[in-house]
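Working notes, structure below.
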Amino acid sequence: ERADYISATLCLTKAPARLGIAGAQTRWDELHYVHIAQSGYIHFVGAFLPWHRYFLAAHETLLRDECGYRGPMPYWDELADVADLRGAAVFDSATGFGGDGKKTSVRAAAAAGGGGCIADGPFADLRLRFREDLTTVPAGDPGYCLVRNISECAFSNAAQTTLDTCLAARTYEDVWHCLEAKPHIAGHWGVGGIMSNTMLSPGDPLFYLHHAWLDRLWWLWQSKDLATRLTEMGGPNVPTANSTPPAASNYFNDGGGAVTTLNHTLWSAGILPNATIADVMDLHGTFVCADYL
256 ERADYISATL
266 CLTKAPARLG
276 IAGAQTRWDE
286 LHYVHIAQSG
296 YIHFVGAFLP
306 WHRYFLAAHE
316 TLLRDECGYR
326 GPMPYWDELA
336 DVADLRGAAV
346 FDSATGFGGD
356 GKKTSVRAAA
366 AAGGGGCIAD
376 GPFADLRLRF
386 REDLTTVPAG
396 DPGYCLVRNI
406 SECAFSNAAQ
416 TTLDTCLAAR
426 TYEDVWHCLE
436 AKPHIAGHWG
446 VGGIMSNTML
456 SPGDPLFYLH
466 HAWLDRLWWL
476 WQSKDLATRL
486 TEMGGPNVPT
496 ANSTPPAASN
506 YFNDGGGAVT
516 TLNHTLWSAG
526 ILPNATIADV
536 MDLHGTFVCA
546 DYL
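Numbered by the working numbering, the letters in the sequence shown go through residues 256 to 548 in order.
What follows is the structure, encoded as structure tokens:
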């Protein structure tokens, strides 16, 4: 199953782009673009958890429909690796996603390990094209490499005590704040490199395993009170630090207000049809139909 999943992921990194996005050459580029283009509206907002559930569904659709993947969608049980992050199976060079980046004296902090391009595993030759401003590398340039900088210190908020705090939250806004600020950041900064960049992080295939883990945690919280939590939403729809005029929030179909609603629009540039947050709230629904083991 691991080999099949990695093979399908490699397929996406080579499958020709289909959406007509300037600069995109592969389906992987298109997924990358979707996240970068909306990064300012899908983090530090109420839509953070449902949008990423929707994005996971987009990724799964491409794996299954275009790369023939038939196995289960994996998540990274980060709790199992808190005590020994560097020994995590996901970093195995033969059966996993490759290990740390090459050691660089400039980028690698004392508490981290690499900072450069990864040197082993199936994604050592992966090249990314989109930059943070949505420009791409020049024609003929193969792109930039996948960088990692593993940090066990940064991974500390993946611990059980943190998860217990998040799952004890009483409201959606509380659980969203906790999950995004703690285990979410822990996974991104624990892997480091591309994963520590809010915009560019989906360039690392581990992004999808990390966010499946977060989605599982949200579902565990929802499952404690489905009658209430399948329809509980809130939080701002534009980050408070965002300079976009408030009128831009009308785009999301939240009724012109500043609060995220169940009618909030989710977009993936055509990989999936547009959806609403209401469409993805139930993991056992029609838009998303899955379960976590």
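Positions of the beta carbon are idealized from the N, C-alpha and C atoms, including for glycine.
Being a predicted model, the structure only gives us computed values, none of them experimental.
CA-to-CA distance, residue j to residue i, given in whole angstroms
i      : j      : result
TYR463 : GLU487 : 25 angstroms
ASP419 : ASP336 : 17 angstroms
TYR309 : CYS408 : 30 angstroms
LYS269 : MET454 : 21 angstroms
ASN529 : LEU521 : 6 angstroms
ASP546 : PRO327 : 10 angstroms
GLU333 : ALA424 : 20 angstroms
HIS443 : SER411 : 12 angstroms
TRP473 : PRO377 : 30 angstroms
CYS544 : GLU321 : 19 angstroms
HIS290 : ASP388 : 12 angstroms
GLY510 : LEU517 : 11 angstroms
HIS307 : TRP431 : 12 angstroms
ALA312 : TYR330 : 13 angstroms
LEU461 : PRO494 : 26 angstroms
ALA436 : PHE507 : 23 angstroms
VAL345 : GLY351 : 5 angstroms
SER348 : ASP380 : 13 angstroms
LEU422 : GLY395 : 48 angstroms
ALA533 : ALA374 : 42 angstroms
ARG282 : GLY295 : 22 angstroms
HIS314 : GLY512 : 30 angstroms
ARG257 : LEU527 : 25 angstroms
LEU267 : LEU274 : 14 angstroms
THR483 : PHE542 : 20 angstroms
ARG471 : GLN293 : 23 angstroms
PRO438 : THR426 : 18 angstroms
LYS479 : THR359 : 45 angstroms
Per-residue DSSP class, three states only, for residue i
i      : result
LYS437 : helix
ARG382 : strand
GLY356 : strand
CYS322 : helix
ALA344 : helix
THR416 : helix
ASP546 : coil
VAL446 : helix
TYR552 : This structure cannot speak to residue 552, because the chain is shown only from 256 to 548.
VAL337 : coil
SER411 : helix
PRO491 : strand
SER523 : coil
ALA513 : coil
ALA530 : strand
VAL392 : coil
GLY370 : strand
Within 9 angstroms, strictly: CB atoms of residue i and residue j
i      : j      : result
ILE276 : ALA524 : yes
GLN477 : LEU485 : yes
HIS519 : ALA272 : no
LEU317 : TYR260 : no
PRO397 : ARG382 : yes
ARG403 : MET450 : yes
THR531 : GLY489 : no
PRO457 : LEU286 : yes
VAL208 : ASN452 : This structure cannot settle anything about residue 208, because the visible part of the chain is limited to 256 through 548.
GLY369 : GLY447 : yes
ASP284 : ARG384 : yes
ALA441 : THR417 : yes
LEU401 : ASP459 : yes
Distance between beta carbons of residue j and residue i, contact taken as under 8 angstroms
i      : j      : result
LYS357 : GLY371 : 4 angstroms
ILE405 : ASP355 : 5 angstroms
THR391 : GLY540 : Not quite, the Cβ-Cβ distance comes to about 36 angstroms (not below 8 angstroms), so this is no contact.
GLY323 : ALA413 : That pair is no contact at about 32 angstroms.
ARG434 : LEU304 : Correcting the residue type first, residue 434 is Leu in the shown sequence and not Arg. Correct: roughly 7 angstroms between the Cβ atoms.
**OP:** Output the residue ranges of the beta strand (DSSP E) runs that lie fully inside the stretch 261-310 and measure 3 residues or longer, sorted by chain position.
**Re:** none
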